[in-house]
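K.L.:
After the C-alpha cells below, expect a handful of questions from me.
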Amino acid sequence: MIIMRTKMLLLLLAVASGAFAENLSLVVKNSQTPQLNLKNKTVLTAPAEGLWSIATKWENQWPSGWKHASPTKEEQVGDWQVLTGELALKKGRFLIRDAYRHEGNRVKCIRRFRWKGKQPIDSVTLSVRWQFKAELPQVFIPGIIYYGNPSGEKNGAHKLPVYHGKNGEKAIFEEHRFPLPFASFEWKDGNKYMGAALHTKPSPVYGGKHFDQWWSLGVESFEDYSELVMLSGPITYNGKPSVAKALQHRAMKYGETWMKFEPGDIVEKTFYLEAYDVKEQGSGFQTPMYTSIDIFKPFYTEDFPTFQEIITDKYRFTKSRYMETDDYAGFNMYPSHITPQVVMGWAGQSEAPTYALQVLKDKIGDDKVRGMVQKSLDHISTSTLTDKGFCVRYNTKNKKWSNTDPVSEGQAMNSIALAIQAGRKDKKMNTEKWEVFLKKACDLHLKRINDSNWKPRNTAEAFYISPFLIASDLFRNKEYKKLALKIADYYAKRHISMEEPYWGGTLDATCEDKEGAWGAFQGFMTAYEYTKEKKYLKWAKHAGDVVLSYTVVWDIPLPAGRLADHGLKTRGWTGVSPQNQHLDVYGVLVTPMVYKLGMYTNNEALKRLAIVMYRSCGQMIDPYGSQGEQIQETNFAQHGNMSNVYKLRGGYSESWSVYWITAHFLHAAAQFVEMGVEIE
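Per the numbering used here, the very first residue in the sequence shown carries number 1; after that it's consecutive.
Rendered as C-alpha cells:
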C-alpha cells in the first residue's frame with residue numbers, strides 16, 4: 001500500500017510539473033538533422049549546413065573559418081537519443097556526440113567534443129546553434145534584453161544592449177551575466193504566438209585564451225530566420241564584435257576569446273531546448289523563466305544567515321543612522337562623510353523604519369523604538385508640498401526640504417500608510433500628524449493624476465497604486481480607490497503586451513528595469529487584494545515575473561576577490577537593469593509579495609524562492625550591520641578601478657552605504673511578520 005501511494009504521489013508530481021511532455025518531441029530526419037517539434041509542428045531545427053559548427057580561425061575580432069558536420073550514426077541508449085559524427089581538419093579530427101533526453105517540458109542535451117590529433121589546435125570556437133523561421137521575433141534575455149529594450153534605446157542606445165530582430169544582428173553575452181541562464185524568442189505564428197528558448201548549464205571554458213573565460217549565450221538574426229546560439233567565449237551586442245557591457249555608459253573590448261585543444265582533450269557542454277505556445281503577446285518569457293527555476297532549484301537556505309540574525313544586524317545599523325536634535329529627527333541616508341540628510345523613498349528610505357520598527361519591536365526588544373518612530377515620522381510630516389508633489393529630501397545643514405520624484409514619493413506614501421495602520425493599533429503612538437500629511441499628499445496627487453493632461457513618462461507612478469488603496473481604507477475615501485484602479489488599468493494597458501516593457505523605476509538608469517516592474521507588481525497585487533478581481537492577479541503575475549527575471553537562480557562561481565573571500569552564494573540576489581549590470585539587495589523588498597504570489601497561484605516554488613531571496617542577501621552584512629551596494633558577479637563595475645575589463649568580475653563596492661540597503665530588509669521582515677510567515 002505504501003509503495004502504491006508513493007508511486008501515485010510521484011505520478012501526480014510529475015503531471016503537475018509537466019514531466020510528461022507529450023507535445024514536445026525531438027525528431028531526427030534521415031539520422032542527420034534534428035528538429036524540435038511542438039504538437040507535430042517543427043519549431044527549432046539544426047542549421048542546414050550541419051548540426052555541429054566549429055570555427056578554426058579568428059579574424060576581424062570574431063571567429064571565422066567555420067567548418068560544419070552532421071551525424072553519421074543514431075542510436076537509442078536507455079532514455080538517451082545519441083547522435084555521433086566527426087569533423088575532419090588538417091591537424092586531426094573532432095569526434096562529436098550529442099545525447100538528448102526528455103526532462104519535463106524540455107529536452108536536455110549533453111554535447112561532447114573530443115580532439116583526436118597529434119598536435120594542439122588553437123583559435124578554436126565551439127558552438128551550439130538552433131534556428132527557426134519568423135519575421136522580426138521579439139527577444140527576451142533575462143536581466144539584459146527585454147523585448148528589444150525599446151525604452152533604453154529611446155533614451156540612449158549606447159548605454160545598453162538593444163535588439164530588433166533584423167538581418168545581421170547579434171546579442172551574445174557571458175553566461176555569468178545571466179541571472180537565469182536562457183535566451184528566448186517570442187514571435188507571431190498566424191493568429192497566435194509561439195516561443196522557444198535555449199537554456200544552458202553555465203561553465204568556464206576549458207582551454208580558454210583568457211583567465212576566467214566563460215561560454216556565451218544569446219541570439220542572432222538573419223534575413224529569413226533567427227538563431228539561439230551558444231559559443232565558447234565570443235560576445236557581442238549593438239553591432240560591435242568582442243565587447244563586454246562593462247561600464248554604466250559604454251562597452252569595453254573583450255576579444256580573442258578562442259580556445260586551445262591539446263591532443264585527447266574533451267569538452268562537454270549541457271544545454272536544454274524548449275518550445276511552447278504563448279497565450280498572448282508579451283507573455284512568452286514566462287514559460288522559460290519557470291523552466292529555469294525548475295532546472296536549478298535554488299531553494300537551499302542552510303548556508304545563509306537566519307531571519308533573526310538579519311533583523312538584529314540591520315537594527316543595529318539603523319540605530320547608528322538615527323539623528324535627533326531640537327530641529328529634526330530621522331534616519332540619515334548617507335555615511336558620515338556626507339552632509340546628513342533625511343531622504344524619503346528611493347534611495348534613502350528614511351520613512352521605512354517608521355512602519356517596520358513598529359511591527360518588529362517585539363523581535364528587536366528595544367524600548368527606544370517608539371520614540372524613534374514617533375519623532376522621525378513627525379518630522380517627515382513637515383515636508384513641503386507643491387503642485388507637483390511633496391519634497392523628499394531634508395538637508396540638516398540648511399534645514400530645508402527639496403526634490404520631488406514619483407518613485408520616491410510613491411514609496412514614501414506606501415510606508416507612511418503602513419506606519420499609520422500599525423500606529424493605530426498601538427495606543428502609545430500618535431498618528432495624527434502622519435495622517436494629516438498623508439491626506440494632503442493623496443489629495444494633491446489625486447488632483448494631478450485626475451487631470452486630463454496626466455501622461456506619466458514611465459512606470460514610476462505605478463508606485464502610487466498601493467498607497468492610494470491603503471489610504472482609501474484608512475480614510476474611507478472611495479475616490480482614492482478609484483484613482484488607484486485608474487492607475488493600475490492604465491499601466492496594464494501600457495505594459496502587458498511588452499511593446500513597452502516596464503521601465504523607469506531607478507533614478508540612475510533610463511531604461512527597462514526591475515524597479516519599474518516592481519512598482520507595477522506591487523500595485524497590481526494590492527489592487528487584487530482590495531478588489532479580488534482576477535485581472536489584477538493576472539497582471540500581478542506578469543509584472544512579478546518580470547521582477548523575478550532579474551533574480552539569480554544559480555550560484556555563479558567567482559574569481560579571487562572580495563566576494564570569493566566571503567564564499568558568496570549568488571542565488572537569490574537580483575540584478576538592477578540592462579544598463580547597470582551588477583547585483584544588489586533590492587530584491588529583499590519584493591520577497592513578501594513574491595511569497596503572496598506563490599500563495600495566490602498555488603506555486604510552492606515561488607514561496608521557497610522568496611525565502612531564499614531574503615536570506616541570501618544577508619550574506620555580506622559586516623559587523624556594523626552595513627553592506628555595499630554593488631556585487632560584481634560579471635564583467636561590470638561602477639566604482640573603483642575600472643580600467644581593466646578582465647579584473648572587474650568578483651569585485652565589491654561597499655563605500656556607497658546608503659540607508660535603503662538596510663531599510664528594505666526591515667520593511668520586508670515586517671511584512672513577513674504581519675503575514676505570519678516563518679522564514680527560517
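Where is the CB? At the ideal position from N, CA and C, for every residue including glycine. Being a predicted model, the structure only gives us computed values, none of them experimental.
Among the residues of its own chain, which have a CB less than 6 Å from the CB of residue 607, if the five just before and after it don't count?
P.N.:
595 and 598
K.L.:
Three or more C-beta pairs under 8 Å: does that hold for the region 457-469 against the region 203-212?
P.N.:
no
K.L.:
Please state if the CB of residue 59 and the CB of residue 72 are separated by a distance shorter than 9 Å.
P.N.:
no
K.L.:
How would you label residue 27, buried or exposed, when you count the other beta carbons within 10 angstroms and need 16 or more for buried?
P.N.:
exposed
K.L.:
Could you check whether the Cβ of residue 678 sits closer than 8 Å to any heavy atom belonging to the ligand PLP?
P.N.:
By its list of ligands, the structure shown contains no ligand whatsoever, and the ligand PLP lies outside what it can speak to.
K.L.:
Could you tell me if residue 136 is buried or exposed, where buried requires 16 or more neighbouring beta carbons within 10 angstroms of its beta carbon?
P.N.:
exposed
K.L.:
If we require 3 or more residues per run, which beta strand (DSSP E) segments fall completely within the region 261-292?
P.N.:
Within the region 261-292, the complete beta strand (DSSP E) runs of at least 3 residues fall at 266-278.
K.L.:
Exposed or buried, which one is residue 723 when buried takes at least 16 other CB atoms within 10 Å?
P.N.:
As displayed, the chain neither begins before 1 nor continues past 680, which places residue 723 out of reach and without an answer.
K.L.:
In chain order, what residues of the same chain have a beta carbon less than 7 Å from the beta carbon of residue 10, not counting five sequence neighbours either side?
P.N.:
Note that residue 10 has pLDDT 37, beneath the 50 cutoff, so the model's placement of it is unreliable and no number is given.
K.L.:
Would you say the region 625-640 touches the region 576-585, given that touching needs at least three Cβ pairs under 8 Å?
P.N.:
yes
K.L.:
To the nearest angstrom, how far is it from the Cα of residue 243 to the Cα of residue 178?
P.N.:
16 Å
K.L.:
Going by the CB atoms, is the gap between residue 591 and residue 624 shorter than 9 Å?
P.N.:
Using a Cβ distance threshold of 9 Å, residue 624 and residue 591 do not count as a contacting pair.
K.L.:
Use the C-beta contact count for residue 78: other C-beta atoms within 10 angstroms, 16 or more gives buried, fewer gives exposed.
P.N.:
exposed
K.L.:
Give me the Cα-Cα distance between residue 526 and residue 490, rounded to the nearest whole angstrom.
P.N.:
15 Å
K.L.:
For a test of the three-state rule: what should DSSP assign to residue 34, helix, strand or coil?
P.N.:
Residue state, collapsed to three classes: strand.
K.L.:
Under the rule that 16 or more other beta-carbon atoms within 10 Å means buried, what is residue 190, buried or exposed?
P.N.:
The residue is exposed, with fewer than 16 neighbouring Cβ atoms inside 10 Å.
K.L.:
Identify whether residue 316 lies in helix, strand or coil by the three-state DSSP scheme.
P.N.:
Under the three-state reduction of DSSP output, residue 316 falls in the helix class.
K.L.:
How long is the line joining the alpha carbons of residue 370 and residue 677, rounded to whole angstroms?
P.N.:
Spanning the alpha carbons of residue 370 and residue 677 requires a straight line of approximately 24 Å.
K.L.:
Nearest-angstrom Cα distance between residue 92 and residue 117?
P.N.:
So the two alpha carbons sit approximately 4 Å from each other.
K.L.:
Is residue 125 near residue 234, with beta carbons less than 9 Å apart?
P.N.:
yes
K.L.:
By how many angstroms is the C-alpha of residue 557 removed from the C-alpha of residue 568?
P.N.:
C-alpha of residue 568 to C-alpha of residue 557: approximately 9 Å in a straight line.
K.L.:
Enumerate in chain order the residues of its own chain whose CB-to-CB distance from residue 237 is below 6 Å, with the five nearest sequence positions on each side excluded.
P.N.:
161 and 171
K.L.:
Let me confirm a value: residue 16 is counted as buried when at least 16 other C-beta atoms fall within 10 Å, else exposed. Which label applies?
P.N.:
Residue placement at residue 16 is poorly supported in this model, since its pLDDT is 35, which falls under 50; the coordinates still yield a value, given next. Classification for residue 16: exposed.
K.L.:
Measuring CB to CB, does residue 694 end up less than 9 Å from residue 649?
P.N.:
For residue 694 there is no data in the structure shown, the boundaries of the chain being 1 and 680.
K.L.:
Rounded to a whole number of angstroms, what is the C-alpha to C-alpha distance between residue 502 and residue 84?
P.N.:
45 Å
K.L.:
Could you give the DSSP three-state label for residue 648: helix, strand or coil?
P.N.:
The answer is coil: DSSP assigns residue 648 none of H, G, I, E or B.
K.L.:
Please classify residue 111: is it buried, with 16 or more other beta-carbons within 10 angstroms of its beta-carbon, or exposed?
P.N.:
buried
K.L.:
Looking at the structure shown, is residue 683 part of a helix, part of a strand, or coil, going by DSSP?
P.N.:
This structure cannot settle anything about residue 683, because the visible part of the chain is limited to 1 through 680.
K.L.:
Between residue 94 and residue 141, which are expected to be in contact by the criterion C-beta below 8 Å, what is the C-beta distance as a whole number of angstroms?
P.N.:
At roughly 29 Å, the Cβ-Cβ gap does not stay under 8 Å, so residue 94 and residue 141 are not in contact.
K.L.:
For residue 123, which residues from the same chain have a beta carbon less than 7 Å from its beta carbon, with the 5 sequence-adjacent residues on both sides left out?
P.N.:
56, 57, 58 and 258
K.L.:
Residues bridged to residue 464 by DSSP?
P.N.:
Residue pairing by DSSP places residue 464 opposite no residue, since no beta bridge is assigned to it.
K.L.:
Can the beta-carbon of residue 106 be found closer than 9 Å to that of residue 270?
P.N.:
no
K.L.:
Which runs of the beta strand (DSSP E) fall wholly inside the region 485-534 and span at least 3 residues, in chain order?
P.N.:
none
K.L.:
If you compare alpha carbons, which of 168, 267, 283 and 302 is closest to residue 227?
P.N.:
168
K.L.:
If you reduce the DSSP assignment to three classes, tell me which class residue 244 lands in.
P.N.:
strand
K.L.:
On the DSSP bridge assignment, give the partners of residue 98 in chain order.
P.N.:
In the DSSP assignment, the residues bridged to residue 98 are 83 and 111.
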